[in-house]
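Student: For the sequence shown, the working numbering begins at 41 and goes up steadily by one.
Positions of the beta carbon are idealized from the N, C-alpha and C atoms, including for glycine.
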Amino acid sequence: MCSKLETLKELRKKFDIEINGLENYSINVPNLIIANHNCLMDIFFLPMSLPTDIISLISARLIYKKNMERQQMIEKYLYAMPIEAHGGKKYADMCINNASTLLNKGYNLSIFPEGAYIEEDAIYRGRTGATRILYNSRTQGVIANLVPVAIDIDKRNLNLDSYSLDGNKIKITILPPIDYTNYYKKYLASNNLDERKEMLHKPVDIGLSLIASTLNKKYYNEYIELYPKKNIILENGEIIPVDEAQTNQYLSLYSSQLEKRKEKILKRICSNNEIN
41 MCSKLETLKE LRKKFDIEIN GLENYSINVP NLIIANHNCL MDIFFLPMSL
91 PTDIISLISA RLIYKKNMER QQMIEKYLYA MPIEAHGGKK YADMCINNAS
141 TLLNKGYNLS IFPEGAYIEE DAIYRGRTGA TRILYNSRTQ GVIANLVPVA
191 IDIDKRNLNL DSYSLDGNKI KITILPPIDY TNYYKKYLAS NNLDERKEML
241 HKPVDIGLSL IASTLNKKYY NEYIELYPKK NIILENGEII PVDEAQTNQY
291 LSLYSSQLEK RKEKILKRIC SNNEIN
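(1) Counting only runs that start and end within the segment 136-197, where is the alpha helix (DSSP H) found for 4 or more residues in a row?
(2) Helix, strand or coil, according to DSSP, for residue 302 in the structure here?
(3) If we ignore side chains and look at the alpha-carbon of each, how far apart do residue 44 and residue 253 end up?
(4) Could you have a look at residue 56 and say whether DSSP puts it in helix, strand or coil?
(5) Whose C-beta lies closer than 6 Å to the C-beta of residue 249 among residues of the same chain, with five residues either side of it excluded?
(6) Looking at the structure shown, is residue 296 part of a helix, part of a strand, or coil, going by DSSP?
(7) With a threshold of 16 other CB atoms inside 10 Å of the CB of residue 99, please say whether the residue is buried or exposed.
(8) What is the DSSP secondary structure of residue 97, counted as helix, strand or coil?
(9) Quick check: what's the CA-CA separation for residue 106 versus residue 122?
(10) Secondary structure at residue 129, three-state DSSP: helix, strand or coil?
(11) Using the C-alpha atoms, what's the distance from residue 138 back to residue 394?
(12) Taking its Cβ as the centre, do 16 or more other Cβ atoms sit within 10 Å of residue 120, making it buried, or is it exposed?
(13) Three or more C-beta pairs closer than 8 Å, one from the segment 87-104 and one from the segment 143-155: is that the case here?
(14) Which residues mark the beginning and the end of the beta strand (DSSP E) in which residue 209 is found?
(15) Could you check which residue in 307, 190, 310, 277 has the C-alpha nearest to that of residue 59?
(16) When we look at the beta-carbon of residue 79 and count the other beta-carbons within 10 Å, is it buried (16 or more) or exposed?
(17) Under the rule that 16 or more other beta-carbon atoms within 10 Å means buried, what is residue 72, buried or exposed?
(18) Report all residues from its chain with a CB closer than 8 Å to the CB of residue 56; omit the five preceding and five following residues, and keep chain order.
(19) Leaving out five residues before and five after residue 285 in sequence, what residues of the same chain have Cβ atoms less than 6 Å from its Cβ?
(20) Looking at residue 65 and residue 182, is the spacing between their C-beta atoms short of 9 Å?
(21) My parser needs the beta strand (DSSP E) runs of 3 or more residues fully inside the segment 216-269; what are they?
(22) Using a threshold of 9 Å, state whether the C-beta atoms of residue 117 and residue 48 are closer than that.
(23) Check the DSSP bridge columns for residue 75 and list the partner residues they point to.
(24) Going by DSSP, what residue range makes up the alpha helix (DSSP H) through residue 88?
(25) Which same chain residues, not among the five before or five after residue 144, have their C-beta less than 7 Å away from its C-beta?
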């Protein structure tokens, strides 16, 4: 059974892709990669550009929603773990805490902090999930790198939801890791809610600002508007209204599904490492 990294290398041959800054990516410590989001294919362009296996933190709807082509692509090419952004704090925390355990074990993660891709050629402020994962791990003694990656796509005739980019040039730039130590310390030391929120935002804000500068794009210090789905989606594609999803039945079920998916991914990665 070949690794996802090997299958991604084969997929990479189909695209006109240039990669710069590999010297900024360490293979000696776990990395959490944050990147801008241009289109659907970013979820494949990012891991195919890196020298190690990556666990991709992406929307639960990309993984679970019944779309045969997309599900086959994700299953073939990605180690994908869901982020449920529409189920409220309990589901968001569940996904973030689960991701933190993966970082604690030394696995590399990637996430798109903007939370969505849009047609506008700009970079928007990111959510704080990446920082929460880093800070959670740091409290466990795991110091991971926070690595910004700029994804530049020639957007002529670009279909945002397409699985193939005919003739579009893709340029990936891996930027130096961000030192978030002082923000983490201030976050721990502060009892002021606003200051703690600011310390959560700072590392991601810096990362996305650097990405915007690298791509010569405008940076907006505001969120992309996400239209609330008012539901969660389960592994089998079943859609559950948010209010109903707050019951112990569904919280327990979702937690169990996350754990099983995580263990399946780790088993696959470990198996491939033993073969290699």
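Tutor: So, from the listed chains and residues:
(1) 169-179
(2) helix
(3) 31 Å
(4) strand
(5) 259
(6) helix
(7) buried
(8) strand
(9) 15 Å
(10) helix
(11) Beyond the ends of the chain as shown, which are 41 and 316, falls residue 394; an answer cannot be given.
(12) buried
(13) yes
(14) 209-214
(15) 190
(16) buried
(17) buried
(18) 207, 208, 209, 210
(19) 127, 272
(20) no
(21) 258-260
(22) yes
(23) 189
(24) 82-88
(25) 177, 180, 182
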